[in-house]
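Undergrad: Attaching a single structure in structure tokens format; questions to follow.
2 protein chains.
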Amino acid sequence: MTSISRRFLFGAAAALPAYGALSTVLPGAASAGLSPIGQQVPGLYRYKVGTMEVTAVSDGARTSPLADGFVKNASLAEVNAALKAAFLPEGQITAQFNPLLINTGGKLVLIDTGNGPQSGGATVGQLMANLAWAGVKPIDVDTVIISHFHPDHINGLRDDEGALAFPNAEVLVPAAEWAYWMDEGEMSRAPEARQAAFKNVRRVFKDIETRVQRFDADKEIAPGITSVATYGHTPGHTSFVLASGNDKVFVQADVTNLPALFVTHPEWEVQYDMDPAKAIETRRRVYDMLAAERLLVTGYHFPFPALGHAAKDGEGYRFVPADWSPVL
Amino acid sequence: MTSISRRFLFGAAAALPAYGALSTVLPGAASAGLSPIGQQVPGLYRYKVGTMEVTAVSDGARTSPLADGFVKNASLAEVNAALKAAFLPEGQITAQFNPLLINTGGKLVLIDTGNGPQSGGATVGQLMANLAWAGVKPIDVDTVIISHFHPDHINGLRDDEGALAFPNAEVLVPAAEWAYWMDEGEMSRAPEARQAAFKNVRRVFKDIETRVQRFDADKEIAPGITSVATYGHTPGHTSFVLASGNDKVFVQADVTNLPALFVTHPEWEVQYDMDPAKAIETRRRVYDMLAAERLLVTGYHFPFPALGHAAKDGEGYRFVPADWSPVL
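Quick note, the sequences are listed as chains A and B, same order. Under numbering that gives the first Met the number 0, think of the first position of the first sequence as 0, with each following residue one higher. Under numbering that gives the first Met the number 0, think of the first position of the second sequence as 0, with each following residue one higher.
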């Protein structure tokens with residue numbers, strides 16, 4: 000039997016070791032409740048998809064000044080107007096990062112891995128701490144599925160010493176994504192600004208080529224998880240459908256970035272879309288489908304817990320966050 | 000030093016004692032992560048209002064069939080259409096309950112107290128468990144502020160043995176609310192359906208009359224917390240403004256019930272509005288102000304964490320949930 004203050008646990012989350020058993024000093028003071036905590040609660044939210052238990056696991060958020068060119072085909076004034084309409088601060092962008100943990104019943108599956116280990120004070124790189132709060136040890140993860148090879152999705156495959164962060168996991172990646180980023184010709188022809196991303200892909204996947212399994216689109220790649228080609232954001236960018244019983248959730252990954260900007264204005268080009276025209280075509284196709292089928296959608300960069308619906312609204316769509324349920 | 004599985008903590012929240020030190024059995028099995036948790040994470044969310052640290056603390060949620068008469072002046076078909084437009088299930092209503100904990104710097108203040116102790120299996124009455132997860136012991140609470148005397152706001156003042164749930168707290172109540180519910184003449188003239196509520200008020204406040212302080216509208220009743228008369232829902236129904244530095248949040252209490260119905264249709268009368276015409280007038284006045292000032296608002300029955308903005312939209316308003324911030 001152990002005795003421990005939950006307030007301390009909650010308040011100290013970010014300072015804790017990343018996983019496994021928690022060692023802590025008892026805080027003692029009964030009046031601890033009177034001083035502010037100064038930290039957010041762990042970024043976890045559970046929901047059921049049929050018999051699957053899904054957990055949105057935040058990797059944190061990063062706020063940057065709104066750069067001219069963040070939206071390539073809209074003016075700063077237009078982007079600020081969209082931020083204001085969504086009651087978001089003007090002149091800045093907060094990107095959130097939401098890997099998804101899925102207990103399929105037989106397998107523990109993680110879709111995308113966050114920004115990876117960060118140095119002190121970073122507001123991202125929280126995946127491992129939040130997984131630990133969810134009671135999940137890295138060795139428990141059976142399968143890691145990657146939507147595409149941008150660093151905020153793959154860097155969490157490695158720990159801070161460069162070892163595999165999920166040592167028991169098979170790693171499933173889109174075949175089209177692998178083919179593009181691993182191609183020496185593509186790398187040599189790519190613009191200078193993309194060289195770092197090519198090198199990062201090679202760093203992350205170095206020496207684990209045999210562990211990586213490449214999947215095609217429209218395949219059930221894990222129990223109840225089907226790949227859907229949503230190319231454009233990257234050459235092999237892939238979304239997923241979770242399906243169990245009568246329930247279905249569309250895991251859009253980066254079909255849109257911030258919903259306040261790109262669900263509302265699907266024709267806007269976020270600077271990260273590698274083939275903007277194709278990305279817009281994909282966005283239209285996916286959001287027409289989501290709206291028509293009234294399908295739940297989760298987005299990697301949506302505000303945590305990153306779950307909701309899309310409705311047609313004028314020339315674009317409106318993102319309607321799902322109500323948080325205090326009951327699972 | 001103690002060693003404990005956080006997964007166990009998170010998974011076992013609802014079964015834990017309501018407050019204080021946590022005693023638990025170590026789960027042992029390293030593979031615990033592979034079985035589903037089967038419970039939602041604790042309903043807690045922190046935000047800053049200037050130097051105040053505010054915590055939304057869920058008391059849970061209750062789902063009931065949509066009754067004819069839940070909205071007194073709309074048909075079931077109209078209500079179902081509004082639910083569908085918000086991507087909520089038709090034919091049922093889920094009410095959430097969101098007391099608010101405020102660390103003013105010098106005082107720990109709780110606004111409203113939830114449904115109180117419930118018997119096993121209830122999906123409400125979670126306030127104490129969630130406060131414990133936040134590290135707050137009932138003896139730590141300095142001040143309890145009550146918005147109005149409906150049972151889902153006051154019943155948590157008593158524990159399951161009828162003792163004061165927050166034994167060190169002063170209890171602040173709206174003077175107009177106290178005057179109405181404690182008046183024998185009002186009770187004798189009230190319709191039969193309201194007798195239980197009168198009796199419940201007398202049960203909850205029995206023998207603590209000297210501890211209760213009655214406040215008027217437009218007074219700073221605790222550091223940075225000002226009362227605002229929003230009569231109609233009940234005769235003395237009161238909202239609050241939290242203000243610190245440049246930040247301000249309007250604590251609307253029950254000016255509207257579910258935003259998907261009553262922010263969208265402020266002219267709709269929820270069955271709980273005791274003076275429907277006055278409640279609608281109040282709702283219009285408050286929401287015109289919220290929309291004009293672009294003020295953050297939190298609502299007791301809003302979906303957790305119950306924070307957002309209101310925008311004018313046609314004849315009504317649109318509730319725009321605030322983005323969850325993984326960073327405090």
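A virtual CB, placed ideally from N, CA and C, is assigned to each residue, including glycine. The model shown is predicted, which means the values in this text are computed figures rather than measured ones.
1. Buried or exposed for P166(A), please, with buried defined as at least 16 other CB atoms from any protein chain shown within 10 angstroms of its CB.
2. Inspect the beta-carbon positions of S146(A) and Y299(A) and report whether they are closer than 9 Å.
3. Residues of chain A with a CB under 7 Å from the CB of Y44(B): which are they?
4. Between Q270(B) and P150(B), what straight-line distance do the alpha-carbon atoms span, to the nearest angstrom?
5. Check this for me: beta carbons of V240(B) and V211(B), under 9 Å apart or not?
6. Taking CB distances under 9 Å as the criterion, tell me whether A374(B) reaches chain A.
7. Give the C-beta separation of S98(B) and V40(B) to the nearest angstrom, bearing in mind that I take them to be a contact with Cβ-Cβ under 8 Å.
8. Mind pulling the chain B residues with CB within less than 9 Å of P64(A)?
9. Would you mind sorting K218(B) into buried or exposed? The rule is 16 or more other CB atoms within 10 Å of its CB.
10. Which of helix, strand or coil does DSSP assign to V200(A)?
11. Using a beta-carbon distance cut-off of less than 7 Å, what residues from the stretch 137-153 of chain B approach chain A?
12. Take the Cβ of K136(A) as the centre, count every other Cβ of all protein chains shown within 10 Å, and call the residue buried at 16 or more, exposed below.
13. Near W267(B), which residues of its chain fall below 7 Å by C-beta distance, leaving aside the five closest residues on each side in sequence?
14. Between the C-alpha atoms of L257(B) and R193(B), what's the straight-line distance to the nearest angstrom?
15. Please list the partners that A60(B) has in chain A, where partner means a Cβ-to-Cβ separation under 8 Å.
16. From the DSSP output, in three-state form, read off K83(A) for me.
17. In chain order, which alpha helix (DSSP H) runs of at least 4 residues are fully inside the stretch 248-314 of chain B?
18. Going straight from the alpha carbon of W323(B) to that of R202(A), what length do you get?
19. Please state whether the Cβ-Cβ distance between L306(A) and K247(A) is less than 9 Å.
20. Is the stretch 118-138 of chain A touching the stretch 50-64 of chain A, taking contact as three or more C-beta pairs under 8 Å?
21. If you measure between the beta carbons of A178(B) and G235(B), is that distance less than 9 Å?
22. Determine the DSSP secondary structure at E191(A), reduced to helix, strand or coil.
23. In angstroms with no decimal places, state the Cα-to-Cα distance between G313(B) and V319(A).
24. Cutting at 6 Å between CB atoms, please list the residues of its own chain near V48(A), excluding the five before and the five after it.
25. Looking at the strands, I want to know which residues DSSP matches up with V46(B).
26. Rounded to whole angstroms, what is the Cα-Cα separation between T50(B) and G104(B)?
27. Could you spell out the range, first to last residue, of the beta strand (DSSP E) harbouring N102(A)?
28. Measure the CB-CB distance between P329(B) and R293(B) and report whether it falls below 9 Å.
29. Return no unless some Cβ of chain B is closer than 9 Å to the Cβ of E208(A).
30. If you measure from the beta carbon of L241(A) to each beta carbon in chain B, is any gap under 9 Å?
31. Would you mind telling me which residues of chain A sit closer than 7 Å to I220(B), beta carbon to beta carbon, in chain order?
32. Tell me V108(A)'s beta-bridge partners as DSSP assigns them.
33. In whole angstroms, what is the alpha-carbon distance linking L327(A) and A195(A)?
34. Determine the chain A residues that contact E52(B) at a beta-carbon separation under 9 Å, and present them in chain order.
35. Of all the CB atoms in chain A, is at least one closer than 9 Å to the CB of V262(B)?
36. Rounded to whole angstroms, what's the CA-CA distance from Y316(B) to A189(B)? Just pull it up for me.
TA: With the structure as the only source:
1. Position 167 of the first sequence, counting from 1, holds the residue named residue 166(A). By the 10 Å Cβ count, P166(A) comes out exposed.
2. Working through the first sequence from its first residue, we reach residue 146(A) at position 147. Working through the first sequence from its first residue, we reach residue 299(A) at position 300. Their beta carbons are under 9 Å apart, which means S146(A) touches Y299(A) by this criterion.
3. Position 45 of the second sequence, counted from the first residue, corresponds to residue 44(B). In chain order: V40.
4. Position 271 of the second sequence, counting from 1, holds the residue named residue 270(B). Position 151 of the second sequence, counting from 1, holds the residue named residue 150(B). Between Q270(B) and P150(B), the C-alpha separation is close to 15 Å.
5. Within the second sequence, numbered from 1, the residue matching residue 240(B) stands at position 241. Within the second sequence, numbered from 1, the residue matching residue 211(B) stands at position 212. By the CB criterion at 9 Å, V240(B) and V211(B) fall outside the cutoff.
6. This structure gives no information on residue 374(B), because the portion of chain B shown stretches from 0 to 327.
7. Taking the first residue of the second sequence as position 1, residue 98(B) is located at position 99. Taking the first residue of the second sequence as position 1, residue 40(B) is located at position 41. First, the amino acid is wrong: residue 98(B) is Pro here, not Ser. 18 Å between Cβ atoms; not a contact.
8. The count along the first sequence starts at 1 and reaches residue 64(A) at position 65. The contacting residues do not exist; P64(A) stays about 16 Å from chain B at best.
9. Along the second sequence, one-based indexing puts residue 218(B) at 219. Classification of K218(B): exposed, given that the 10 Å Cβ count is below 16.
10. Reading the first sequence from its first residue, position 201 is the one you call residue 200(A). If DSSP states are grouped into helix, strand and coil, V200(A) belongs with the helices.
11. Taking 7 Å as the Cβ-Cβ cut-off against chain A, the residues of the stretch 137-153 of chain B that qualify are D139.
12. By one-based count along the first sequence, residue 136(A) stands at place 137. So K136(A) ends up on the buried side.
13. Residue numbering aside, residue 267(B) sits at position 268 when the second sequence is read from its first letter. In its chain, beyond the 5 residues on either side, V70, N72, A73, L260 and F261 have a beta carbon closer than 7 Å to the beta carbon of W267(B).
14. Looking up residue 257(B) in the second sequence gives position 258. Looking up residue 193(B) in the second sequence gives position 194. So the alpha carbons of these two residues sit roughly 22 Å apart.
15. Reading the second sequence from its first residue, position 61 is the one you call residue 60(B). In chain order: S324, P325 and V326.
16. The count along the first sequence starts at 1 and reaches residue 83(A) at position 84. Helix, per DSSP.
17. Secondary structure within the stretch 248-314 of chain B: the alpha helix (DSSP H) runs of 4 or more consecutive residues, fully enclosed, are 258-261 and 275-292 (chain order).
18. Walking along the second sequence from the start, residue 323(B) turns up at place 324. Walking along the first sequence from the start, residue 202(A) turns up at place 203. If you take the alpha carbons of W323(B) and R202(A), they lie about 33 Å apart.
19. Indexing the first sequence from 1 puts residue 306(A) at position 307. Indexing the first sequence from 1 puts residue 247(A) at position 248. When the beta-carbon positions are compared, L306(A) and K247(A) stay at least 9 Å from each other.
20. By the Cβ test, the stretch 118-138 of chain A is in contact with the stretch 50-64 of chain A, since at least three Cβ pairs between them sit closer than 8 Å.
21. Counting from 1 along the second sequence, the entry for residue 178(B) is found at position 179. Counting from 1 along the second sequence, the entry for residue 235(B) is found at position 236. A Cβ-Cβ contact shorter than 9 Å links A178(B) with G235(B).
22. Here residue 191(A) refers to the residue found at position 192 of the first sequence. Three-state DSSP puts E191(A) in a helix.
23. By one-based count along the second sequence, residue 313(B) stands at place 314. By one-based count along the first sequence, residue 319(A) stands at place 320. Separation of G313(B) and V319(A) (C-alpha to C-alpha, rounded to the nearest whole angstrom) is 18 Å.
24. The residue labelled residue 48(A) in the question sits at position 49 within the first sequence. Once the five neighbours on either side are set aside, the close Cβ partners of V48(A) are L241, S243, D246 and V248.
25. The residue you call residue 46(B) lines up with position 47 of the second sequence. For the sequence presented, residue 46(B) should be read as Tyr rather than Val. According to DSSP, Y46(B) bridges with V53(B).
26. In the second sequence, residue 50(B) corresponds to position 51, counting from 1. In the second sequence, residue 104(B) corresponds to position 105, counting from 1. So the alpha carbons of these two residues sit roughly 7 Å apart.
27. Here residue 102(A) corresponds to residue number 103 of the first sequence, with the count starting at 1. Segment L99 to N102, the beta strand (DSSP E) holding N102(A).
28. Nothing in the structure corresponds to residue 329(B), since chain B is present only between 0 and 327.
29. Residue numbering aside, residue 208(A) sits at position 209 when the first sequence is read from its first letter. False, the Cβ-Cβ gap to chain B never drops below 9 Å.
30. Within the first sequence, residue 241(A) is the residue found at index 242, counting from 1. Taking CB atoms only, L241(A) has no neighbour in chain B less than 9 Å away.
31. Here residue 220(B) refers to the residue found at position 221 of the second sequence. Within chain A, not a single residue places a beta-carbon under 7 Å from that of I220(B); the smallest gap is close to 19 Å.
32. Residue numbering aside, residue 108(A) sits at position 109 when the first sequence is read from its first letter. Beta-bridge pairing links V108(A) to I101(A) and T142(A).
33. Along the first sequence, one-based indexing puts residue 327(A) at 328. Along the first sequence, one-based indexing puts residue 195(A) at 196. Approximately 42 Å between the Cα atoms of the pair.
34. As a working mapping, residue 52(B) is identified with position 53 in the second sequence. In chain order: P35, I36 and G37.
35. Translated into the one-based positions of the second sequence, residue 262(B) becomes position 263. Using a CB distance cut-off of 9 Å, V262(B) does not count as an interface residue toward chain A.
36. Walking along the second sequence from the start, residue 316(B) turns up at place 317. Walking along the second sequence from the start, residue 189(B) turns up at place 190. Those two C-alpha atoms are separated by around 33 Å.
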